[in-house]
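Working notes, structure below.
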Amino acid sequence: MILTLFFGLSFQLSTDYGIEVETVSNWDRPLLFEQIFYFILDYSKEVSHQYLFSVLENIESEDILMEQAEKLLPHHMFSLLKSELEIGSLLPKIQYTKSIKDKESMRIYKTDFVIGSPTTVTFLNLHENSNAKIVLDMIKNQKDLLLRLDIPVLPGEYKLRGYGISIRPTSMETDDQIGQEKRTNLDQNIPIDNTTKYIENYIFNEDQHETSQENMYLMVYEYIKNHKDVPLLRILRDITNNWPAFKEDVFSTKVSPETIESFQNINKIISKYSDYHSINGRIFESPNFDIFTVFDIIKRERTFIDILNNTFGIKIEEINRLSRADISSMDILFDYRFQYIDFYTDGKCSEGISFSEEDQRKLGFDISKTKKVVDFISYLDLSSKEGRESLKTSLQLSVIKELPIRIGFVPYFNTENKNFRKISFAYHHLAIKNPKLAVEFIYQIVLRENDNEIDILAEKIYNTLTWQRSDFLSWSELHQLYSPDTAVFQRLNSVNRYYRDKGILLNTICVNGKIERIENSYAKYLMIILEIMKIYNEINVEENNLDPIEVMNITNFVVNSLRSPLSPTIEKHGTKIYMKSLSEQKEFIHKFQNIKWDHVDSEITKNYYILLTNETDNKVFRDFMQKQHRYPTAFAINPDTDLFKFKKYPVLICGGLVFEKFEVTEENLFEIDNFFSVSISQSLNTILDSNNSLLYYYLITMYTDWYSSGIERGSVNPELFQVDQDIVHLDNDGDFEWEIVSNPLSESFQESIDIIKYVSENKLAKVKLLAAPANDIIPRVTCFNFFYRSSLNSDVVLFTHLNEMTRYNMILSNPSSWITSQFHADIDPNNIYLEDKEPGLYKVKYVLDKICVEGKLRNLYYNSRKSFLKFDSQSIAQLNRLMYWQAPTLPGRHYISDVLEYDVDSFATNLIPFDKNIFINAEFNVSEEYINIFTIPTDKAHEKCAKVMMMSVMKHTKSKVKFFIFKKYLSFDFIQSMPEFSRKHGFKYEYVDMNWPNVMFSQYDLKNSSLEYRLLFLDMLLPFNIPRVIFIDCQTVVRGDISNLYNSHMNGLINFVGDSNSQKISSNVFVADLTKFKLTNIGDQMRYLSYIWQYNLNTPNDASYLTQLTKIYPSDLFGKELFWCRDWYPISDMENALLIWYGPSSSDASSSFEFAYNNIPEWKDYINVLQNNIE
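FYI, the numbering for the sequence shown is -18 to -1, 1 to 1157, going by mature numbering (1 follows the signal peptide of the UniProt record, and there is no 0).
Now the structure itself:
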């Protein structure tokens, strides 16, 4: 692939300007004791007991506090403590404790210190000597104690670390006609930015260069070799943090033959590792981690090692093997084989669409050489509109020539409906002799049913298809088939039994046994098929005539029924032991040791079954458990332990995998036993040979927890770190490893290198890094045009060496759990242009508002079409097909739909796993009091435009108006001015905000993200109780009463503005019916389509697909009598329009502000009001 690097004209990176950024919290500033105590308590209750006893008399001495922590903690945990104190990651635990409203409640919270079985709460401030003495005496006398700290705090703000900032070129416009704010008293002393030490050349005279991704990497490789005197992590950090300053030197480097040869050798062994990160064998993705998540992984992995080493005496070499066991989630497939699957295609297609070479390259395998057939089976309720539409989508797959796909159907009909009873018999009558004709019968109904009554239409189509066919009955004769002794009746009955006996859910699809809900998304179906084909490609099978399910069974586990407890449609989960503290894991092991087993297969057992039940007759379970198992097994029924607590029985726990409401049958037990034998038990027993049953129980429980939580583990080829040492970093000390293979040309590397460097320098892990791209990875080259800074080593981040002639915008790379807002700015961070500024240091400050809580749906097949989630009292729509939701909150204990209790006490990214039982039925208490308007200002210029838009709305609109304003990009000045501004102009307002979802591609461009927030997240951003909303872009002037537009008739979900003649559509103004929006899940569908689109395009920051999305929404168009756009219509048409959009033009070189100033008379009046502070 050829990439063009635009270096621009000659320019100088100026050192006369600096931009300093900090993020603070207005939460209470904690004292040192509480932070250390809570860290130790989260690690070990026993150690926290010792620590409390040792420091209570010297609680104000920071030296003694640190000395005792160092004395009591293992060295690796003390190093982690120091880092967490430095970064500020313990702040949420302090706020969590302070959030407890009922200080006397006997409910146990995560920060409570408990000894024995106390009956009262001791709520004390230990910084008071008398209180410290009380607790010390209780500990000495071994009294029961539930200590809940009354925490004193320091005044002032708390400076946070752990975030990143990038400054990127932007095409945002200036607001010359509005006027610029002048800053005075700027600091003229620009601090030294230590990331720029090795910049060699500040002045550039560059042309654009065209080069391949491989050549780009080779030049980086050669440049690093030429600077061997600089440590690898340092030079990688400095280059990637300052690409605009380095790229002239880097990309003009001449590559030696030795470098080319070395790169070729690397590629021979690197291809399977693309951006690979593994800490102690736990694999995680670089785009979704931050320093707090890394800390959390280190703590969990260190706890696991400490248990194995200290409790079981396992040596570190064996622990390393156990930590890297391959327990990747084995797909549970369904044996779908059935004699009455009606196939529309036979796996061969000689005509139709072909994949391009580019598509083939992205897939990573040659479709044309894949000869094994893929079965795509649809289980559709053809009595429903949704099922019939899915049939149409499925058939679209038949026109791709390279796909060896058999498209089949097992249709279901609601025969209680008279019309569909006859259609069902007609279908099966056709299918007995010609399955393809039967599918064609339904397909023709789907294509034409909107214009006809379905019974009349079905008769016409049937008669056409069977015309002059004596082997078929006529439509009027079909009633003859209703007798139970006919082949058609028996066939229909067999299909219904198949659905019932196999537990098949209506409107699902099955691709070689992989079950998915129907999506009516061609792109989604295609991706599923290609994933299966890729797996196919890796399975070596000599016989060519094997059934697809037999091929898949070689590497996957197949169940005979979707009623099987292992089916992906059945709820199951682990014990969450991996997330427990050292003390809790020790207690788990101790309680397990005391279980009295009803039966053990041998002296050394390697798996366990525990049945919790109210039944007295458990013969089926006992008989099965006393049979021979592949791995020796123990079992117990209702053991005398409080290890497992559940509300509803029966519950089966097998090797740590929990099946609630379990149906005890020999078939179910056999499948579970067989699954463990070929998956988790096998993974463990191939690397462990021990005579300690308790060790097996602990490890299989841990492995199951990893498996059920989707935690991948594995090891990297050690040869990778023995290649050219110029691009390999190896720490000298330690055996707790962070293995990394990453592409230095990627954005993810740019954002993660400082975290890697920090972990290495603070000896939190032994870093092993190979800075090389996989040979099939395309870098996202936009990072070559921007600067990046991390706050890990400083309370502020600093940018110097910026180009005065470039317009920049600032993007926060916050931990995904942070929700921040702007607090102070000497310069507009979303529209930085230094040429207009005085030299000096410009400061920007952000404040942490809340923590973003995220959730991940565990049950893949739950259809929450009319159900939503309740986080505390807030109703939330979820990204259903991405199985994701989020909610802003503060540290504390929270409740999800009054069912699930969840503690927020960390900055670490953690998707809450949840299931369908926590969803509630949607209750829309619709409020029609206001006309609701949504808008997204993206910088200070647009904030002024937003106020112009608001004034123009209020000048002409008689109804009550409420504005919903997207908060993420707002300046502190705007937020401060809004109470008075809204009061004077007579409207209500509310801020809405959300973080970009972890499960979607990150979006950095402000224009693109504004488009995506308005089009994809309406149902997540806006309150549940508003029936409609008008989105109005900031750069709009309203000239009439907006009420008629708001109350306009809507056939679809959205009414966009557009030109029906030219088929142009604009999303700068639209009306959305939010009630329909939520009940139909259309936003959810669009979000999934967005994800698929970007995934297939491999262009996560390209928002061009949004133009296509506007055409997919069920919508109507408003014409030019309502909306005037400078790109669509002449100025003469502006006069009678209700809304005038003066945004950027592709045909007019003047800026939006210049155009408005010269062509919209009232715009100047509104601006004068703002500038003269008359509002």
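Even for Gly, the Cβ is constructed at its ideal location relative to N, Cα and C.
So, helix, strand or coil for residue i, using DSSP?
i	result
Asn292	helix
Ile273	helix
Arg403	helix
Asp363	strand
Ile918	coil
Tyr912	coil
Arg319	coil
Val477	helix
Leu774	coil
On the CB-based measure, 16 or more other CB atoms within 10 Å of its CB, does residue i come out buried or exposed?
i	result
Glu454	Looking at the sequence shown, residue 454 is not Glu but Phe. It counts as buried.
Phe946	buried
Pro961	exposed
Met1002	buried
Ile915	buried
His410	buried
Ser112	exposed
Ala369	Correcting the residue type first, residue 369 is Gly in the shown sequence and not Ala. Label assigned to Gly369: buried.
His259	buried
Pro547	buried
Pro173	exposed
Gly716	exposed
Gln1153	exposed
Asp1147	exposed
Ile858	buried
Mind checking whether residue i and residue j have CB atoms under 8 angstroms apart?
i	j	result
Phe641	Leu634	yes
Met982	Gln868	no
Asn489	Leu362	yes
Gln804	Phe954	yes
Ser1072	Leu998	yes
Leu72	Phe35	no
Asp132	Phe105	yes
Val778	Glu4	yes
Asn791	Thr152	yes
Phe541	Ile251	Before going further, note that residue 541 is Val rather than Phe in the sequence given. No, they are not a contact pair.
Leu625	Phe570	yes
Gln50	Val37	yes
Give every residue of the same chain whose Cβ lies closer than 8 angstroms to the Cβ of residue i, excluding the five residues on either side of it in the sequence, and list them in chain order.
i	result
Ile809	Ile1, Arg165, Lys819, Tyr824 and Val826
His967	Met932, Met933, Met936 and Glu1157
Asp377	The sequence as given places Leu at residue 377; Asp does not occur at that position. Once the five neighbours on either side are set aside, the close Cβ partners of Leu377 are Tyr326, Ile389, Val421 and Tyr425.
Thr1113	Note that residue 1113 is Ile in the sequence shown, not Thr. Closer than 8 angstroms at Cβ, skipping near neighbours: Asn1141.
Identify the residues that DSSP records as bridge partners of residue i: which are they?
i	result
Trp867	Gly837
Val886	Gly874
His581	Phe617
His58	In DSSP, His58 forms no bridge with anything.
Gly822	Tyr(-2)
Ala807	Val826
Arg130	Phe105
Pro151	Tyr790
Lys250	Partner(s): none; Lys250 has no beta bridge.
Once you ignore the five residues that flank residue i on each side, which residues in its own chain have a CB closer than 7 angstroms to its CB?
i	result
Phe769	Ser148, Ile149, Asn223, Asn224, Pro226 and Phe781
Ser584	Pro614
Leu218	Pro726, Ile735 and Ala753
Ser26	Ser563, Leu564 and Ser565
Asp687	Gly556, Thr557, Lys558, Ile559, Tyr560 and Gly638
Leu1104	Leu1027, Val1039, Ala1119, Leu1120 and Leu1121
Leu14	Glu44 and Leu47
Quick one: residues in its chain with C-beta nearer than 6 angstroms to the C-beta of residue i, no 5 flanking neighbours on either side, listed in chain order?
i	result
Ile592	Ala618 and Ile635
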